[in-house]
Amino acid sequence: MLVIDHGAITHCAHPIQIPNSGYKHSSSRFPSPSSVQPILAPNTVDKPLNSATSTSTITTTTTITDDYRKRLPPKMYWGTTPSKNWQYEIEVPNTLNTTTSSLSPENLCVRIRSRYNKASSPLASCLIGCRLVQKESGIKGLVMTRVLPSPSSTWNAPCMVPMILFDDQDASCFYNSINPTAKHFLIITLHFNDGVDAENVEIRSPVTLLLNMGPPKTIRNDSGISLSSETCCKN
254 MLVIDHGAIT HCAHPIQIPN SGYKHSSSRF PSPSSVQPIL APNTVDKPLN
304 SATSTSTITT TTTITDDYRK RLPPKMYWGT TPSKNWQYEI EVPNTLNTTT
354 SSLSPENLCV RIRSRYNKAS SPLASCLIGC RLVQKESGIK GLVMTRVLPS
404 PSSTWNAPCM VPMILFDDQD ASCFYNSINP TAKHFLIITL HFNDGVDAEN
454 VEIRSPVTLL LNMGPPKTIR NDSGISLSSE TCCKN
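Numbering (the working numbering), first residue to last: 254 to 488.
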């Protein structure tokens, strides 16, 4: 398994856009067989939330969310599999807004192609997996998978995978378990299979959670007591 763990962050003035079609690479763009090069966003993403970005100062306004996205544009990871059979480009969001997760989620943008035309096989496929991990605490949410039956078709028509943090019924469990000052990562796994050989690529990407609200409250009309739904996490 090829594991990528990039700690260095460089500045990127604008978000990276992946065209939907007509995008061609020159020979100089292809990475060397053993290289995986990230194009990374500002280095604030790998730092814990400070007083300027704490939950008490981040509001639910669209303006603040947009400002975060402008300062922290998506990162792109690109490279080849260990066997050099597959080339990939993955655009990963730098921020995940917890309040708009299910309504307007960020997207994971994936482009894949075979370097030796093996993708013409009807057995070719790629399994995409994504996990949200809180440092030293394990998985906290966003356990998602997606199967691409024709991986090379995404090179000209990128696959957009919504990054939904949790279902509505799991929101209170998520908020009760999250630590806003801890570091969080998206671990993205690509499992390639051409019908004969199988191989994996794993990418570990820092992400900033925009914690704009606390867990939802449940109002009991009979008593007037406001209760937070915490019991679902303790069963």
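Built from N, CA and C at the ideal position, the CB exists for glycine as well. All values derive from a computational prediction rather than experimental measurement.
Residue burial classification, Val-400 (beta-carbon count within 10 angstroms, cutoff 16): Position 147 of the sequence shown, counted from the first residue, corresponds to residue 400. Per the 10 Å Cβ criterion, exposed.
Exposed unless 16 or more other CB atoms sit within 10 angstroms - verdict on Met-413: Along the sequence shown, one-based indexing puts residue 413 at 160. Classification of Met-413: exposed, given that the 10 Å Cβ count is below 16.
Counterpart residues of Gly-382 in DSSP-defined beta bridges: Numbered from 1 along the sequence shown, position 129 holds the residue referred to as residue 382. Answer is Thr-398, Thr-442.
Pro-346, buried or exposed, once every other Cβ within 10 Å from all chains shown has been counted against 16: For the purposes of this step, residue 346 is identified with residue 93 of the sequence shown, where counting begins at 1. Flag for Pro-346 reads buried.
C-beta contact flag for Phe-438 and Pro-415 at 7 Å: For the purposes of this step, residue 438 is taken as the residue at position 185 of the sequence shown. For the purposes of this step, residue 415 is taken as the residue at position 162 of the sequence shown. Against a cut-off of 7 Å, the Cβ pair of Pro-415 and Phe-438 comes out as no contact.
Proximity to Thr-333 [Cα-Cα], best of Glu-342, Leu-325, Pro-327: Looking up residue 333 in the sequence shown gives position 80. Selected option, being the one with the closest Cα: Glu-342.
Proximity to Val-454 [Cα-Cα], best of Thr-461, Leu-462, Phe-445: Along the sequence shown, read from residue 1 onward, the residue named residue 454 stands at position 201. Comparing Cα positions, the closest option is Phe-445.
When Pro-404, Arg-384, Gln-387, Lys-436 are compared against Gly-448, the one with the closest alpha-carbon: Position 195 of the sequence shown, counted from the first residue, corresponds to residue 448. That would be Pro-404, whose Cα lies nearest to the Cα of Gly-448.
Selected residue, minimal CA-CA separation from Lys-337, among Thr-461, Arg-457, Ile-456, Asp-450: Locating residue 337 in the sequence shown gives position 84, where the first residue counts as 1. The candidate whose alpha carbon is nearest that of Lys-337 is Asp-450.
Option nearest Ser-367 by Cα separation, candidates Asn-409, Lys-436, Arg-457, Ile-456: In the sequence shown, the residue the question calls residue 367 occupies position 114. When only C-alpha atoms are compared, the closest one is Asn-409.
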